[in-house]
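Position 183, counted from 1, in the sequence shown is what this note's numbering calls 183; the numbers after and before it change by one each time, with no gaps. Glycine is no exception: its CB is placed at the ideal position from the N, C-alpha and C atoms. Quick caveat: nothing in here was measured; it's all calculated off a predicted structure. Have a look at the structure below, then the notes.
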Amino acid sequence: MVLSFFAFTAAAAFVLVTVVDPYSGATASPYFQVPGATVPGATAQRYDGQDAQSMLVSSTVANAVTVDGYTVVEPEPEPEPVVLPANGASAAVPNPGSAQAYAYGAVAARGWGADQYNCLVSLWNKESGWRVNANNASSGAYGIPQSLPGSKMASAGADWQTNPATQIEWGLGYISGRYGTPCGAWGHSVDIGWY
């Protein structure tokens, strides 16, 4: 019993550290890769037009209750596959009040899952570093989504130059209309270099 409690506590602590700081360990970094390495039980899949990795996770914990000499054992649930974006990065839930926190809610409001949010974070990290005033001097692209020209975002609000929410709403509308999903836009960006 004590060993099971310790194992559960250690596993929960590991998960919480990963959620709070997904880049805390060397292997958590999206830049860490072992050439030719494979993970036992992992299979390559296509997800939203991108390669993804799926892994089945299982445990040996079962609930059992004994009453009056009868033992009732609750069967273990079937493990569900965990699917990550092709780049292996997993964005943590953002701090409240940030542009990423707004985007997290806006992605969910469109019915897209955490995988789409992860792709959006990767895309806009590459494009603007999530800076509301990011300006590409050579092309004229502006803002978090790097609208070209930036004034296109005025269709989402007059405060397009300074309001991250306005830029994010415009950017998600653009992505939806042109690529279908953030993972579709991210895949195009990875393949072509822009979206």
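Coarse secondary structure for residue i, derived from DSSP in three states
i, result
"Tyr102", "helix"
"Ser147", "strand"
"Ala158", "coil"
"Met153", "helix"
"Ala11", "helix"
"Asp51", "Low confidence applies here, because Asp51 scores a pLDDT of 47, under 50, leaving its location unreliable and the question unanswered by this model."
Boundaries of the alpha helix (DSSP H) in which residue i is found, first to last residue
i, result
"Arg178", "164-179"
"Asn125", "114-127"
"Ala185", "182-192"
Counterpart residues of residue i in DSSP-defined beta bridges
i, result
"Ala107", "Residue identity differs from the one stated: residue 107 is Val in this sequence, not Ala. For Val107, which the question treats as bridged, DSSP gives no partner whatsoever."
"Thr71", "Thr66"
"Asn135", "Tyr142"
Pair within 8 Å by beta-carbon distance, residue i and residue j
i, j, result
"Gln161", "Pro145", "no"
"Ala165", "Leu123", "no"
"Ala130", "Ala99", "Note that residue 130 is Trp in the sequence shown here, rather than Ala. Cβ atoms of Trp130 and Ala99: closer than 8 Å."
"Ser147", "Trp170", "yes"
"Gly150", "Gly143", "yes"
"Leu120", "Ala103", "yes"
"Ile192", "Pro182", "no"
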